[in-house]
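Q: Read in my numbering, the sequence shown has 190 at position 208, and its numbers run on one by one without any break.
By construction, the Cβ of each residue, glycine as well, lies at the ideal position given by its N, Cα and C atoms.
Since we're looking at a predicted model, the values are computed, not measured.
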Amino acid sequence: MRPYVILNAAMTLDGKIATATGSSNISGEEDLKRVHEIRKDCDGIMVGIGTVLADDPRLTVHKINARPEDNPVRVVVDSKCRTPIDARITNSDAKTIIACANEYKDEFVKTEKYETFKKRGVKFMWCGDKRVDLSLLMSYLHEEGIDKLMLEGGSTLNFSMIKAGLIDEISICIAPMVVGGANAKTFFDGEGFDTMDESVKLELIDSFSLGKDLILRYKVLK
């Protein structure tokens, strides 16, 4: 068993979720409120360590009226235990789980940073040898009571999750802008597939305009 996973993101018309310099203010205020409604409806929200290092997100529900208990459990996929000691995702606003690879466990649990995180109530899940085993992580999150999980990437984690067949729905905001850039982050990066036949197929289940943006919802076909 695993959570139902909704991948949500905002991208430019040319598929970029951030520029090469890390600028990522893409969607309008209406879409930000939509995103926080999804967060409120989910039990957990997951990002990769790259997003934590680049954006230092809170991953709480704060763009709409909400109670502290409406905040989802925050999950970080952090194979090498690189989450900064002052990362906002480890504050007391909501529960936090950091998933790390087993190779780094013995050294990390001896550190002061690990003890500080534990005192804050941060949980650690160790799975996979050199990289986090995402399938094992999903099973663990389900056991932790997370039935619906919102995935907010970034692009490498997005691809790893969809390649592993662990995404059920994609909700994407397309903003009317083009930024280009060979080194700008796209919606999905990673190693990619070699042929179009290998690609993950989708079914459009909803579409609508929201302010200046276009919202598309897809079901991932298994």
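1. How far does the alpha helix (DSSP H) with Met120 in it extend, from its first residue to its last?
2. Where does the unbroken beta strand (DSSP E) through Tyr200 begin, and where does it stop?
3. With which residues is Lys106 paired in a DSSP beta bridge?
4. What do you get for Met143, buried or exposed, if any count of 16 or more other CB atoms within 10 angstroms of its CB means buried?
5. Tell me the residue span of the beta strand (DSSP E) that contains Lys92.
6. Which same chain residues, not among the five before or five after Arg113, have their C-beta less than 8 Å away from its C-beta?
7. Just to confirm, is the Cβ distance from Phe153 to Ile20 under 8 Å?
8. In this structure, how does DSSP classify Thr98 when only helix, strand and coil are distinguished?
9. Along the beta strand (DSSP E) that carries Asp13, what are the first and last residues, could you check?
10. Starting from Asn140, trace the alpha helix (DSSP H) both ways and give me its first and last residue.
11. What is the rounded straight-line gap between the Cα of Val(-13) and the Cα of Glu85?
12. Taking just the CA atoms, how far does Ser191 sit from Ala157?
13. Counting C-beta neighbours from all protein chains within 10 Å, is the total for Lys(-2) 16 or more, i.e. buried, or is it exposed?
14. If contacts are defined as beta-carbon pairs under 8 Å, then Val55 and Ile128 qualify, I think. What distance do you get, rounded to the angstrom?
15. Enumerate in chain order the residues of its own chain whose CB-to-CB distance from Lys167 is below 6 Å, with the five nearest sequence positions on each side excluded.
16. Taking only runs that begin and end inside the segment 22 to 76, name each unbroken alpha helix (DSSP H) of 4 or more residues, in chain order.
17. Is Glu180 helix, strand or coil when you go by DSSP?
A: This is what the structure gives:
1. According to the DSSP assignment, Met120 belongs to the alpha helix (DSSP H) that extends over Leu116 to Glu125.
2. For Tyr200, the enclosing beta strand (DSSP E) begins and ends at Asp195 to Val202.
3. Note on residue identity: the sequence assigns Phe, not Lys, to residue 106. Paired residues: Ile80.
4. Around the beta carbon of Met143, 16 or more other beta carbons lie within 10 angstroms, which makes this residue buried.
5. In the DSSP assignment, Lys92 falls outside any beta strand (DSSP E), carrying neither H nor E.
6. Only residues of its own chain outside the window of five on either side were considered, and among them Ser61 and Ala83 have a CB closer than 8 Å to the CB of Arg113, listed in chain order.
7. Reading off the sequence shown, one finds Ser at residue 153, where the question assumed Phe. Using a Cβ distance threshold of 8 Å, Ser153 and Ile20 count as a contacting pair.
8. Helix, per DSSP.
9. Not the beta strand (DSSP E): Asp13 falls in the alpha helix (DSSP H), residues Glu11 to Asp23.
10. Bounds of the alpha helix (DSSP H) holding Asn140 are Ser137 to Lys145.
11. If I take the Cα positions, the gap works out to 27 Å.
12. The alpha-carbon atoms of Ala157 and Ser191 are separated by roughly 10 Å.
13. By the Cβ-count criterion, Lys(-2) is buried, with 16 or more other Cβ atoms from all chains shown falling within 10 Å of its own Cβ.
14. About 6 Å; that satisfies the 8 Å criterion.
15. Within the same chain, Cβ atoms closer than 6 Å to the Cβ of Lys167 are found at Ile(-1), Ala0 and Ser137, the five residues on either side in sequence being excluded.
16. Those alpha helix (DSSP H) runs which fall completely within the segment 22 to 76 and span 4+ residues are 31 to 37.
17. Judged by DSSP in its simplified three-state form, Glu180 adopts helix.
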